[in-house]
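As given, the protein sequences belong to chains C and L, one line each in that order.
Quick note on numbering that gives the first Met the number 0: the first sequence kicks off at 0 and runs consecutively.
Quick note on numbering that gives the first Met the number 0: the second sequence kicks off at 0 and runs consecutively.
Below is one structure, written out as structure tokens; the observations come after it.
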Amino acid sequence: MAVDAPTRSPGDGPPVLEGTSEVATPGLEREAERAKARQGFLLGLPTIVYLLLFFVIPLGFVVAYSFATRTRSGRTELRDFNLDAYARLGDDIVMTVAWRSLWMAVVATLICLVLAYPLAYYISTRSPMVRNLMLVGVMIPFWSNFLIRTYAWRVLLDSDGLVTQAFEFIGLGDGRILFTSNAVILGLVYGYLPFMVLPLYAAIERIDWSLVEGARDLYASGWSAFRRVVWPLSRPGVIAGSILVFVPSFGAYVTPAILGGNKEGLLGSYIVLQFLSARNGPVGSAVSVVVLAVMLVATLVYFRSGGKNL
Amino acid sequence: MSKGVAKSTAEPQGFSRWLLRGHSLGVFVFFYAPIVVLCIFSFNDSNAVGNWNGFTLGWYEALFDNDNIQSSIWVSVKVCVFSTVIAVVLGTAGALALERFRWWGQKAFDAVLYLPIIIPDVTMAVMMLVFFNEAAGWLDWIPGIDLQDGLEKLVLSHVAFNISFVSVVVRARLANLDASMEEAAADLYANRWQAFRRVTLPQIMPGVIGGALLAVTISLDDVVVSSFVSAVGGTPLSVFVFGMLRKGVSPLVNSVSVVMLAASMALVLASLVISRASGSEREER
Chain C
0 MAVDAPTRSP
10 GDGPPVLEGT
20 SEVATPGLER
30 EAERAKARQG
40 FLLGLPTIVY
50 LLLFFVIPLG
60 FVVAYSFATR
70 TRSGRTELRD
80 FNLDAYARLG
90 DDIVMTVAWR
100 SLWMAVVATL
110 ICLVLAYPLA
120 YYISTRSPMV
130 RNLMLVGVMI
140 PFWSNFLIRT
150 YAWRVLLDSD
160 GLVTQAFEFI
170 GLGDGRILFT
180 SNAVILGLVY
190 GYLPFMVLPL
200 YAAIERIDWS
210 LVEGARDLYA
220 SGWSAFRRVV
230 WPLSRPGVIA
240 GSILVFVPSF
250 GAYVTPAILG
260 GNKEGLLGSY
270 IVLQFLSARN
280 GPVGSAVSVV
290 VLAVMLVATL
300 VYFRSGGKNL
Chain L
0 MSKGVAKSTA
10 EPQGFSRWLL
20 RGHSLGVFVF
30 FYAPIVVLCI
40 FSFNDSNAVG
50 NWNGFTLGWY
60 EALFDNDNIQ
70 SSIWVSVKVC
80 VFSTVIAVVL
90 GTAGALALER
100 FRWWGQKAFD
110 AVLYLPIIIP
120 DVTMAVMMLV
130 FFNEAAGWLD
140 WIPGIDLQDG
150 LEKLVLSHVA
160 FNISFVSVVV
170 RARLANLDAS
180 MEEAAADLYA
190 NRWQAFRRVT
200 LPQIMPGVIG
210 GALLAVTISL
220 DDVVVSSFVS
230 AVGGTPLSVF
240 VFGMLRKGVS
250 PLVNSVSVVM
260 LAASMALVLA
270 SLVISRASGS
280 EREER
């Protein structure tokens with residue numbers, strides 16, 4: 000906004016719309032600001048309307064469904080709003096799935112953190128060229144087909160797959176982990192690891208290394224310089240990455256469907272089951288609302304901890 | 000910044016340095032080895048998946064002879080094209096409105112715009128399913144929309160999440176640009192539209208194209224939302240393949256997977272290269 004020419008005299012042409020010119024009269028300025036705000040709003044309006052129609056309203060329907068009544072034929076009707084669906088959340092089956100989801104999501108997040116931190120650290124200390132190459136190497140799996148990437152592990156873990164054969168060859172015993180919780184955790188880690196690396200990299204890359212140098216000059220060992228300087232400064236990345244791994248793991252559906260068989264379902268699987276097989280819209284919606292709430296809390300934690308964007 | 004000088008302290012010495020290198024290499028192997036194995040086995044001349052039995056292109060030929068796969072590819076392409084075009088227009092407009100203007104309600108819009116990115120797939124899928132169930136009656140009033148057809152539901156829901164991805168990419172580009180060029184254009188009596196078309200648009204084009212390619216990838220790859228809203232007989236490729244995958248490993252699935260993964264990776268790479276062409280400019284600052 001620096002271009003606004005202070006030399007411009009009134010009557011020189013149309014009033015400048017941008018910026019806060021010192022010569023413009025306050026009235027004109029406010030008018031111009033208001034005009035600009037209006038333009039911005041109008042520009043965003045189609046997008047706002049679209050998201051309102053096809054995102055916010057659908058979200059509202061899911062919330063409404065969670066309080067709705069299920070008829071005996073399996074239809075959900077938006078009347079006689081009640082808390083029955085939420086009462087069902089205390090059932091053993093739901094609690095089992097919820098605990099399993101929580102546990103697997105936590106384990107997957109921790110493993111991702113342990114794997115990603117050294118890598119992110121390594122990448123951020125490379126020269127710009129190498130750094131960009133390595134980042135692209137992480138971003139390709141980040142964005143490319145999740146389903147197929149998960150399926151690749153199914154091929155490896157199949158009863159005559161390479162991993163299984165390798166396990167038997169080395170003599171590590173039965174390597175058949177397909178359709179166990181370990182396979183699901185492996186799939187989650189594989190699927191969401193890039194989600195951990197990238198925010199960690201962003202945080203570590205931003206660190207002012209002269210602080211570390213200062214610590215070393217003051218006779219801090221390498222380890223304590225890391226623990227007292229680097230780690231605290233990288234914490235926003237740790238939190239962001241953990242949320243980006245934890246949230247989708249908690250509501251996972253594709254990974255357990257491919258690697259977990261039918262018996263290791265997570266909350267996502269349970270929601271799908273409720274909608275597509277059990278035809279119980281209210282319970283499915285109530286579980287969705289819980290997953291959403293977890294997501295929102297996690298996001299708030301992230302913004303509270305000083306994160307700006309994901 | 001004294002980054003260059005201080006960087007040497009960031010590099011651990013001796014054994015831990017090699018540990019760090021080895022670890023990083025290991026993670027990259029972990030990322031790519033399964034994909035490589037999948038590719039190799041898609042050329043395996045055997046019905047059993049685990050044992051190598053010679054090279055063949057047969058599974059790729061089978062792929063092109065399969066009518067179900069062919070028709071689902073068409074569904075995918077149609078949905079992808081329509082949803083990307085709409086999402087790019089709406090996402091870019093949204094990005095401009097947020098990045099270049101200050102208006103009432105902006106914060107709320109900003110927050111809602113982020114939600115489709117972080118919301119779990121399944122929740123989004125359930126939202127669309129419930130919405131189309133309930134709103135079918137009054138959505139039919141909108142001319143040109145026929146909800147009996149799964150295609151329109153697919154496009155509408157893909158746009159809903161792709162707007163966010165496009166606008167994030169475009170905003171990143173906009174944030175790196177100096178608004179002064181647009182202001183200079185305005186000073187030279189360009190109206191808003193001219194300033195946008197002649198100055199802003201060419202500058203944000205890499206972001207727009209990068210966002211569009213990303214939208215294409217996400218649309219083609221989406222499974223969960225699509226499987227909730229697509230109609231029988233009108234399933235996109237990803238949903239069709241998901242059905243096959245769940246039944247188990249087979250060489251035909253491998254070849255379809257490799258094709259999908261290759262397309263997806265190529266698009267991502269193109270998107271990264273184009274939208275990060277701005278990266279060098281950023282470093283100069």
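Yeah, the Cβ is synthetic: ideal placement off N, Cα and C, and Gly gets one too.
Using a Cβ-Cβ cut-off of less than 9 Å, give me the residues of the segment 29 to 51 of chain C that come near chain L, in sequence order.
Under the 9 Å Cβ criterion, the segment 29 to 51 of chain C contributes GLU32, LYS35, ALA36, ARG37, GLN38, GLY39, PHE40, LEU41, LEU42, GLY43, LEU44, PRO45, THR46, ILE47, TYR49, LEU50, LEU51.
Neighbour flag for C:LEU155 against chain L, beta carbons, 8 Å:
Chain L, which has a Cβ nearer than 8 Å to the Cβ of C:LEU155, makes this yes.
Whole-angstrom distance between C:ARG215 and L:THR17, CA atom to CA atom
In the sequence as displayed, the identity of residue 17 of chain L is Trp instead of Thr. Those two C-alpha atoms are separated by around 21 Å.
At a Cβ threshold of 8 Å, is C:THR298 touching chain B?
You won't find chain B in this structure, because its protein chains are C and L.
Look at L:PHE108 and L:LEU97 and say whether their C-beta atoms are less than 8 Å apart.
Cβ atoms of L:PHE108 and L:LEU97: closer than 8 Å.
Starting from the Cα of C:GLY59, find the closest Cα among L:GLN12, L:PHE131, L:LEU62 and give me that residue.
Of L:GLN12, L:PHE131, L:LEU62, the residue nearest in Cα terms is L:PHE131.
Determine the extent of the alpha helix (DSSP H) in which L:GLN69 is found, giving its start and end residues.
For L:GLN69, the enclosing alpha helix (DSSP H) begins and ends at 66 to 99.
Find the residues of chain C that neighbour L:ARG245, judging by a C-beta separation of less than 9 Å, and give them in chain order.
Chain C residues near L:ARG245: ALA256, ILE257.
Please say whether L:VAL125 and C:VAL61 have beta carbons closer to each other than 8 Å?
Contact: yes.
Using the three-state DSSP reduction, which class does C:PRO99 fall into: helix, strand or coil?
Sequence check: residue 99 of chain C is Arg here, not Pro. Correct three-state label for C:ARG99: helix.
May I ask which residues mark the beginning and end of the alpha helix (DSSP H) holding C:ARG175?
No alpha helix (DSSP H) holds C:ARG175; DSSP gives it neither H nor E.
Alpha carbon to alpha carbon, how far is C:SER20 from L:LEU213?
Residue confidence for C:SER20 is low, a pLDDT of 48 falling below 50, so the modelled location carries little weight; the figure read from the coordinates is stated next. Rounded to whole angstroms, C:SER20 to L:LEU213 spans 40 Å at the Cα level.
Under 7 Å, CB to CB, which of the residues in the segment 126 to 147 of chain L have a partner in chain C?
Within the segment 126 to 147 of chain L, the residues whose Cβ lies closer than 7 Å to some Cβ of chain C are MET126, MET127, LEU128, VAL129, PHE130, GLU133, listed in chain order.
Taking 7 Å as the limit between beta carbons, can you name the residues of its chain near L:VAL228, skipping five residues before and five after?
These residues qualify, in order along the chain: MET127, LEU128, PHE131, GLY149, LYS152, LEU153, SER156.
Is the segment 172 to 188 of chain C touching the segment 249 to 257 of chain C in the sense that three or more CB pairs, one from each, lie closer than 8 Å?
Contact between the segment 249 to 257 of chain C and the segment 172 to 188 of chain C is present, because at least three Cβ pairs lie under 8 Å.
Leaving out five residues on either side along the sequence, give the residues of the same chain with a beta carbon under 8 Å from the beta carbon of L:GLN147.
Same-chain partners within the cutoff: ALA230.
Rounded C-alpha distance that separates C:GLY26 from L:THR216:
In this structure, the straight-line span from the alpha carbon of C:GLY26 to that of L:THR216 is close to 49 Å.
Bridge partners of C:ARG205, per DSSP?
Paired residues: none, contrary to the question.
Tell me, please, whether the CB atom of L:ILE203 is closer than 8 Å to any CB atom in chain C?
So, not an interface residue.
In chain order, which continuous runs of the alpha helix (DSSP H) of length 4 or greater are located wholly inside the segment 110 to 198 of chain C?
Complete alpha helix (DSSP H) runs here, min 4: 127 to 142, 145 to 156, 161 to 169.
Residues of its chain near L:VAL223, where Cβ-Cβ distance is below 7 Å and the 5 sequence neighbours each way are ignored:
Cβ neighbours of L:VAL223 beyond the five flanking positions: ASP120, VAL121, ALA124.
Drop a sphere of 10 angstroms on the beta-carbon of L:GLN193, count the other beta-carbons inside from all chains shown, and report buried for 16 or more, exposed for fewer.
L:GLN193 counts as exposed, since fewer than 16 other beta carbons sit within 10 angstroms of its beta carbon.
Where C:PHE60 sits in the DSSP three-state scheme:
For C:PHE60, the three-state secondary structure derived from DSSP is helix.
Just the C-alpha distance for C:SER180 and C:LYS35, rounded to the nearest angstrom, thanks.
Inter-residue distance for C:SER180 and C:LYS35 is about 55 Å (C-alpha atoms, whole angstroms).
Exposed or buried, C:GLN273, counting other C-beta atoms within 10 Å across all chains shown (16 or more means buried)?
Classification of C:GLN273: buried, given that the 10 Å Cβ count is 16 or more.
Using only alpha-carbon positions, find the residue among C:SER287, C:LEU101, C:PHE302, C:THR46 that is nearest to L:PHE160.
Residue C:THR46 holds the alpha-carbon nearest to the alpha-carbon of L:PHE160 among C:SER287, C:LEU101, C:PHE302, C:THR46.
Burial state of L:VAL35, where buried means 16 or more other Cβ atoms lie within 10 Å
When all chains shown are included, L:VAL35 counts as exposed.
Measuring only the C-alpha atoms, how far is C:MET195 from L:PHE164?
Their backbone Cα atoms lie some 18 Å apart in a straight line.
On the three-state DSSP scale, how would you describe L:ASN52?
In the structure shown, L:ASN52 adopts coil according to DSSP, grouped into three states.
Using 8 Å as the limit for Cβ to Cβ distance, is L:GLY233 near chain C?
It does not; no Cβ of chain C falls within 8 Å.
Consider the Cβ of L:PRO250: report whether some Cβ of chain C lies at a distance smaller than 8 Å.
At a cut-off of 8 Å between C-beta atoms, L:PRO250 does not count as an interface residue with respect to chain C.
Please report the distance separating the alpha-carbon of L:TRP103 from that of C:GLU28.
Distance between the alpha carbons of L:TRP103 and C:GLU28 is about 17 Å.
Which chain L residues sit within Cβ distance under 9 Å of C:GLY136?
Neighbours of C:GLY136 in chain L, taken as residues whose beta carbon is under 9 Å from its own, are PHE27, PHE30, TYR31 in chain order.
L:ALA184 beta carbon less than 8 Å from that of L:ARG197:
Yes; because the gap between Cβ atoms is below 8 Å, this pair is in contact.
Closer than 9 Å by beta-carbon distance: list the chain L residues that pair up with C:LEU101, in chain order.
Going along chain L, no residue has its Cβ under 9 Å from C:LEU101, so there is no contact; the nearest lies around 14 Å.
Classify C:ALA86 as buried or exposed, calling it buried when 16 or more other Cβ atoms lie within 10 Å of its own Cβ.
C:ALA86 comes out exposed.
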